[in-house]
Amino acid sequence: MFTGIVEELGEIVRLTEGAGDSAVIAVRGPLVTSDAGHGDSIAVNGVCLTVIDNEGGVFTADVMGETLRRSSLGALAVGSQVNLERAAALNSRLGGHLVQGHVDGVARIIAREPADQWEVVRFSLPAELAKYVVEKGSITVDGVSLTVMDVTADSFAVGMIPATSKLTVLGSKAIGDPVNLEVDVIAKYVEKMLGSRNV
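Quick note on numbering: my numbering labels position 25 of the sequence shown as 1115, and the sequence is numbered without any gaps.
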């Protein structure tokens, strides 16, 4: 479980394609690797990955084909910057919202509008996820916990403060770039529970 509060910007230092449709990635992240051991979870652009090795501030993780198909990790290259967050500890503050690190879909940036001291960024919204996105609700974009400002049938907008732009990959992404989306898991559970009732 994560909070959507990015701890540091990491860098992809190695990508190795596996047999079939898998891959192994190596990510430099001195902060998140400082206490990471084999089997620990680290979110990479919002995707929960399991540490298989950690040496010299670089951790490696296996990425299966399902993850490559359902996220933007397959578009990464050596040198790409990524958002990194360690799994939340039960005794820590929950600064963002409950994030699982399970990507629901990929969106694209469709507009960036500068405002006074902040920026409005609009993203495409996959049709199958639209019902889970509400104004003033939480959404995770590339592992960043954000509040939805506005939502339409096929897009949503968030307000990005300078700290978010500076400290995450969202600040450097351009119109057309892909981003990982994770909707609020509570909405999905509510839907399932209500769907099983005879109303």
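Don't be surprised by glycine CBs; every beta carbon is placed ideally from N, CA and C.
Bear in mind the structure is a predicted one, so any value in this text is a computation, not a measurement.
Residue pairing from DSSP leaves Ser1124 without any beta-bridge partner.
Nearest neighbour of Tyr1279 by Cα position, chosen from Tyr1222, Pro1252 and Gly1233, turns out to be Tyr1222. Counting only residues of its own chain and dropping the five nearest sequence neighbours on each side, Met1154 has a CB closer than 7 Å to the CB of Ser1112. By the C-beta criterion, the region 1246-1255 is judged not to be in contact with the region 1128-1145, since fewer than 3 inter-stretch pairs fall below 8 Å. In this structure, the straight-line span from the alpha carbon of Arg1176 to that of Leu1188 is close to 13 Å. For the pair of segments examined, the region 1158-1168 was found not to touch the region 1211-1218: the number of CB pairs separated by less than 8 Å stays below three. Judged by DSSP secondary structure, Leu1105 falls within the beta strand (DSSP E) whose first and last residues are Glu1098 to Glu1107. Thr1258 is the residue among Ala1277, Gly1285, Lys1282 and Thr1258 whose C-alpha sits nearest the C-alpha of Glu1098. Beyond the five residues adjoining it in sequence on each side, Thr1157 comes within less than 7 Å, by CB distance, of Val1137 and Leu1163 in the same chain, given in chain order. In the DSSP assignment, Glu1175 forms a beta bridge with Ala1133. Excluding residues up to 5 positions away in sequence, Arg1160, Ser1161, Ser1162, Pro1216, Pro1268, Val1269, Asn1270 and Leu1271 lie with their Cβ nearer than 8 Å to the Cβ of Val1196 in the same chain. In the structure shown, Leu1215 falls within a coil segment according to DSSP collapsed to helix, strand and coil. Taking 8 Å as the cut-off, the beta carbon of Gly1108 is found closer than this to the beta carbon of Val1114. Considering only Arg1198, Val1148, Ala1253 and Val1224, the residue with the shortest C-alpha distance to Gln1207 is Ala1253. The three-state reading of DSSP puts Leu1166 in coil, since its state is none of H, G, I, E or B.
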